[in-house]
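Which chain is which? The protein sequence lines are A, B and C, in order. Following my numbering, the residues of the first sequence are numbered contiguously, the last one being 694. Following my numbering, the residues of the second sequence are numbered contiguously, the last one being 440. Following my numbering, the residues of the third sequence are numbered contiguously, the last one being 297. We put the CB at the ideal spot given by N, CA and C, even for glycine. Here the structure is a predicted model, which is why all the values come from computation and not from measurement.
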Amino acid sequence: MSLRSEPLIGAARSERYAAPLGVWLDRQSVFSWLMMAPPLLFLAALVGYPFCYGIVLSLQDRPVAHPGTFVGLKNFATNFNDPIFWRVALNTFVYTVVATLLKMIGGLALALAMNQQFPLKNLVRALLLLPFIVPTVLSTVAWMWILDPAFSVLNWLLVLLGVPKPGPSWLGNPILAMLSIIVINTWRGLPFYGITLLAGLQTVPPELYEAATIDGASGWQRFRYVTLPLLQPIILIVTLFSVIFTFADFQLVYVLTHGGPQNATQLFATYAFDIAMGAGQLGLGASVALAMLPALALLIVALTIYMRRR
Amino acid sequence: MHATSRRRFLELAGLGVAATAIGRRPASAQSKQLTFLHESSFIKTFDEYFQKTLAPAYEKETGVKVNYELTSVGSLPTRVSTISETGSGADVTMMFFLLPFLFDEKLLDVSDIAEEVGKTQGGWYDSAREAATVNGKWKVIPFSNIGQLMNWRTDWFAEVGVKKFPETWEELYEVGKKLKAKDHPFGFELGHGFGDNHGWLYPLLWSYGGHEVEEDGKTVIIDSDETARAIDFARKFFRDTMLDDVLGWTDVSNNKAWYAEQISCTNNAESILWLAKRDFPEIAKVTDQAMNPAGPKGRFHIMSAISHGIFNFSPQKEEARAFLRWLTNEKQLGGWYASADTYYQPLLHGYDKAPMWDVEPRNIPYRDALANAHLVGWPAPPSRHLAESVAKYVVVDMFAKACTGTSTKEVIKNAEVQLKEIYRAV
Amino acid sequence: MVTGYGPIERLVRLWLPVGFFLVLALFPFYWMAITSLKPNAELYNRRIMPLVLHNPTLKHYIDLLTQTSFLTWTWNTMLVAIVSTVISLVLGVMLAYPLARMRFAGAGLIAMTVAAIYLVPQPLLFIPLADVINRLDLGNTLTAVILTYPTMLVPFCAWLLLGYFKTVPMELEEAARIDGASRLQTMRRIFLPLCTPGFISAGIFAFTLSQNEFLYALIFLTKSAVRTVPVGVIAELIRGDVFYWGQLMAGALLGSVPVALIYSFFVEHYVAGLTSGSVKG
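#1: For TYR358(B), does the count of other Cβ atoms within 10 angstroms reach 16, so buried, or fall short, so exposed?
#2: Could you tell me whether any Cβ in chain A is nearer than 8 angstroms to the Cβ of GLU13(B)?
#3: Considering only the beta carbon of each residue, do TYR433(A) and THR630(A) sit closer than 8 angstroms?
#4: Could you tell me whether the stretch 489-509 of chain A touches the stretch 561-577 of chain A, where touching means 3 or more Cβ pairs closer than 8 angstroms?
#5: Please list, in chain order, the residues of the stretch 657-671 of chain A that have any C-beta partner in chain B closer than 7 angstroms.
#6: Could you tell me the boundaries of the beta strand (DSSP E) in which TYR82(B) lies?
#7: By Cβ distance, which residues of its chain are closer than 7 angstroms to GLN646(A), with the 5 residues on each side in sequence left out?
#8: Please name the residues in the stretch 47-62 of chain C whose beta-carbon is closer than 9 angstroms to at least one beta-carbon of chain B, in chain order.
#9: Measuring only the C-alpha atoms, how far is ARG606(A) from GLN138(C)?
#10: Closest by CA to THR183(C), which one among LEU200(C), LEU208(C), ILE162(C) and GLY22(C)?
#11: Checking contacts by CB at 8 angstroms: is GLY88(B) closer than that to chain C?
#12: Note down, in chain order, every chain B residue with its Cβ under 7 angstroms from the Cβ of ALA251(C).
#13: For a cutoff of 8 angstroms on Cβ pairs, would you count LEU424(A) as touching chain B?
#14: Measuring only between beta-carbons, confirm whether ASP147(C) sits less than 8 angstroms from chain A.
#15: Am I right that PRO423(A) and LEU178(C) are in contact with their C-beta atoms under 8 angstroms? What's the rounded C-beta distance?
#16: Around the C-beta of LEU545(A), are 16 or more other C-beta atoms found within 10 angstroms, so that it is buried, or is it exposed?
#17: Restricting to runs no shorter than 3 residues, where is the beta strand (DSSP E) found entirely within the stretch 217-297 of chain B?
#18: Using a Cβ cut-off of 8 angstroms (strictly closer), state whether TYR437(A) contacts chain C.
#19: Within the stretch 399-430 of chain A, note down every full alpha helix (DSSP H) run reaching 4 residues or more, in order along the chain.
#20: Just to make sure I have the definition right: I need the residues of chain B whose C-beta is within less than 9 angstroms of the C-beta of ILE206(C). Which are they?
#21: Between which two residues does the beta strand (DSSP E) holding GLN303(B) run?
#22: Keeping to the same chain, check which residues put their C-beta closer than 6 angstroms to that of TYR273(B); ignore five residues upstream and five downstream.
#23: Judging by CA-CA distance, which residue of PRO678(A), ALA648(A) and LEU504(A) is the nearest neighbour of ILE566(A)?
#24: Can you find at least 3 beta carbon pairs, one from the stretch 258-277 of chain C and one from the stretch 520-529 of chain A, that sit closer than 8 angstroms?
#25: For a contact meaning CB atoms closer than 8 angstroms, what does ILE254(C) contact in chain B?
#26: Are any of the Cβ atoms in chain A nearer than 8 angstroms to that of ASN92(C)?
#27: If you measure from the beta carbon of GLY179(C) to each beta carbon in chain B, is any gap under 8 angstroms?
#28: GLN665(A): which of HIS363(B), THR92(B), LEU261(B) and THR85(B) sits nearest, CA to CA?
#29: Strictly by DSSP, which residues pair up with PHE110(B)?
#30: Going along chain B, which residues have a C-beta under 7 angstroms from ILE468(A)?
#31: Which value, in whole angstroms, describes the spacing of the CA atoms of PHE407(A) and THR129(C)?
#32: Among residues of its own chain, excluding the 5 on either side of SER54(B), which ones have a beta-carbon nearer than 8 angstroms to its beta-carbon?
#33: Taking just the CA atoms, how far does LEU38(C) sit from SER321(B)?
#34: Express the C-alpha separation of LEU400(B) and ILE689(A) in angstroms, rounding to a whole number.
#35: Please list the partners that MET488(A) has in chain C, where partner means a Cβ-to-Cβ separation under 7 angstroms.
#36: Tell me the DSSP secondary structure of MET110(C) in three-state form.
Structure below.
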């Protein structure tokens, strides 16, 4: 919109302060780079450097309190031959994919249900967010009790319905244990999805729905052809965010099962932790942690392509 | 410019916070100070004894102030790592389990103190040597064992006609079958805890003659008939006497199950009885403790030793030595042990008849168990490879997988492959 | 939305689903609450109805507040969360403003790099970061976490603010520029004051993430006096194999209350900020 060009503005301002420096500082590139310098330096120092150092560590044999010795790709070879490593990879993928799907579908359902007027709506919305804002380790401890067959309401109900006492072992059976952590993760993340999607729903202009209804579209068709496409960017963003956090999840498993039973719930983060902090093998631990990167990148690229195509 | 000054303010605020959080570093100039790192004890009076009795006594005698730094249970390895990596933070430290071996290069050789203590206090138990020596040199002074023994419900065992705890695993199995039928199953941890799982699985393995690695620390010998027999026993033991949930148990689960009166037998340290006496007196009355059952090749227990060592980068090595010598003197040790109700079982024969054992006779089996207690991985010497196999739950999952249905042959094969990979670099 | 449903329809379309989600979301909190009020004997008793309180007691809360450093942990958590949030917002603004408003060589690259930093989750960095913190001798200080939390918060704040900034009309800034204001002055005096809602939403989110953080706190903070609530509760209310369940649940509830309160005030902004960032971004 500016009708004047940069040099003119510069000339006008030269009356106010040291012209050359002021002008130079106000050039888009200079200003931008100077402004971004502190955060970029911060990220370089505390993310970039540790990241590179992590790569170096993964190429070393580095027991805690001992100097490291370069061993090339030996740690990665060890992981390749480690059956637990592959189980961990499988677990993390399954956990991430299933939980994200559940959160997405459940969140959508919640958003649709909440997208109506009713009294105390704000209170309900705030209450629904509680699972997301409470520190995970604390709610997980509550879940430990809820999932204990002796105390679980669910088991009590199931036994009532004829399931043999004491009911399913939620944390003892490998499959049920994985199901349990998926459920808890979904419980925690669904409100976030739901409330965010709800806000997205509320930005859809009602005229579009009216137009679609006039054209004879059913409720389902309205949803599929009007709502979903408009929600797509927000679904993508939230899903991306959720995938990253779920993939790297540590707290839930650490507190609930510590990877058991028999590594059925062991994830990359907890496995790396056990190796680094438990066995003191920092190099090997770093190599397990690094394995997250290609897997994550793959997931995200796949997700982005899929969503872009729809 | 304001944005910058705002940020500077924040930086200063942050540094200010840091300064208060860091606190003052002990000045080595005036009064001599030693930092003694310890894990918070399960028994409060034990820590209080040091803080209120031992530390002041030492200061009076020598003028050296001892800072008893407590870290919460489970945080000691992290703290020791940090101190070792930065080269400062404590002079004398507590160590347990495999820590002396992971950090052996940062510990001072204290063989002279160890020999003296052994000579004057009845001699060390053999297992003590296992837990403290690296290549023949004592790197730490063993303090005590925290034993893992059988806890059993006398009232329910009596219901099936058993007055004395069974002698062998097979006998225990028979009792378990009967008790499970009466809705009082057993509960032995098969999940990813830390203490309770190793606490019965290793003794079980050893009592059938199975071992992970040879004494040479290199040869993997897990694939043997003995191991197979131990696994087959564990499978039927789980299937016929226990509740399914044990597969996902962590260390806290059996305590919880005990107080909820869900199980009739488990393995544990003295914590179940101790807490029961305080909070569940009715349950405490019918709780008893016994040594592990024996297998065809003997009776074994796990050794989980606590010890004390000196960091070799400490600027006050001589003062630290003097302190450790004083601490492990009979007068101090005896008093400190007594303050903890035998939760810490001394590894010196001199205390076999100490009066503290008379306070709670049910704890006596913990003393008797010392004679055949061994460190995980026995007979192989502890090493980083052992630490890796423990952190990866190789032995625990071998048993657990068998219990969930995988064939004995397959679980042994898997464990062997894993161990061979872990010990490949030796 | 479409209105005019009869009461039965409303039940099915609204009350049942919303009620279902509410019960699901809140049941564990109900459990936390009653567990924290049950005496130990009742807690472990399998024979009585567990969903109801029979002999409520405040003992666990009292023990929690008097026998542990819970209040210290709460103070630490709030302090760390606030300072980290402020740092992240400031750094986030510094990243987002140029990307939203300026054209310069390398803009795309920077945007991609910041997004890539997203891909580097905490567990990937904790081992080398522990080493860095040790070497800077910042172990067991709040500075350690105050420095490291923004690493996960800054990219998010930058992204959120970027989306928000793009929705702010440019006219005011352009007018200021015509009047001769420098870019810095324009940004500070004209633009940023308009963005309060964006700051609030990014700030709340950062605050939430920050007080939820566990891994770094677990590794860097081993002394009770400097611990945050998540680590303090887990590390110290679980002694070996004994869980102090009552206190744990009391701590869990008390740990959630401040954040829940803050949320209830700012939910509107939080949601608005998120949507504007993502729908238009």
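Judging by the given coordinates:
#1: Taking every protein chain shown into account, the CB of TYR358(B) has 16 or more other CB atoms within 10 angstroms, so this residue is buried.
#2: The shown model of chain B, from 15 to 440, leaves out residue 13(B), and the question about it has no answer.
#3: In this structure, THR630(A) does not lie closer than 8 angstroms to TYR433(A) by Cβ.
#4: Proximity of the stretch 489-509 of chain A to the stretch 561-577 of chain A meets the contact definition, three or more beta-carbon pairs being nearer than 8 angstroms.
#5: Going along the stretch 657-671 of chain A in chain order, one finds ASP658, ILE659, MET661, GLY662, ALA663, GLY664 and GLN665 with a Cβ nearer than 7 angstroms to chain B.
#6: That run of the beta strand (DSSP E) goes 79-85.
#7: The answer, listed in chain order, is PRO558.
#8: Of all residues in the stretch 47-62 of chain C, those with a C-beta nearer than 9 angstroms to a C-beta of chain B are ASN56, ALA57, LEU59, TYR60, ASN61 and ARG62, reading in chain order.
#9: Using only the alpha carbons, I get a separation of about 41 angstroms.
#10: Relative to THR183(C), the option among LEU200(C), LEU208(C), ILE162(C) and GLY22(C) whose CA is nearest is LEU208(C).
#11: Judged by the 8 angstroms Cβ criterion, GLY88(B) is in contact with chain C.
#12: Result: SER86, GLY88 and SER89.
#13: Chain B contact via Cβ: absent.
#14: Under the 8 angstroms criterion on CB atoms, ASP147(C) is classed as interfacial with respect to chain A.
#15: Their Cβ separation, rounded to whole angstroms, is 12 angstroms, which puts PRO423(A) and LEU178(C) out of contact at 8 angstroms.
#16: Burial call: exposed.
#17: Listed in chain order, they are 279-282.
#18: Output row for TYR437(A): interface = yes.
#19: Listed in chain order, the alpha helix (DSSP H) runs fully inside the stretch 399-430 of chain A are 403-410 and 412-427, counting runs of at least 4 residues.
#20: By Cβ distance, chain B contributes nothing, its closest Cβ being about 14 angstroms from ILE206(C), past 9 angstroms.
#21: Residues 301-304.
#22: Apart from sequence neighbours up to five positions away, the residues of its chain that approach TYR273(B) with a beta-carbon distance below 6 angstroms are PHE294, ordered along the chain.
#23: Of the listed residues, the one whose Cα sits closest to ILE566(A) is ALA648(A).
#24: Output reads yes: the stretch 520-529 of chain A touches the stretch 258-277 of chain C.
#25: Ordered by position in chain B, the residues that pass the 8 angstroms Cβ test against ILE254(C) are VAL87, GLY88 and VAL266.
#26: With 8 angstroms as the cut-off, ASN92(C) does not count as an interface residue toward chain A.
#27: The beta carbon of GLY179(C) does not come within 8 angstroms of any beta carbon belonging to chain B, so the residue lies off that interface.
#28: Among HIS363(B), THR92(B), LEU261(B) and THR85(B), the Cα nearest to that of GLN665(A) is on THR92(B).
#29: DSSP lists ILE320(B) as partners of PHE110(B).
#30: LYS406, listed in chain order.
#31: Note that residue 407(A) corresponds to Val in the displayed sequence, not to Phe. Between the alpha carbons of VAL407(A) and THR129(C) lies a gap of roughly 29 angstroms.
#32: Closer than 8 angstroms at the Cβ level, and outside the excluded window around SER54(B), lie ASP61, LEU84, THR85, SER86 and VAL87.
#33: When the Cα atoms are used, SER321(B) and LEU38(C) turn out to be separated by approximately 52 angstroms.
#34: Their backbone Cα atoms lie some 45 angstroms apart in a straight line.
#35: Taking a Cβ-Cβ cut-off of 7 angstroms, MET488(A) has no neighbours in chain C, whose nearest Cβ is about 14 angstroms from it.
#36: In this structure, MET110(C) counts as helix in the three-state DSSP scheme.
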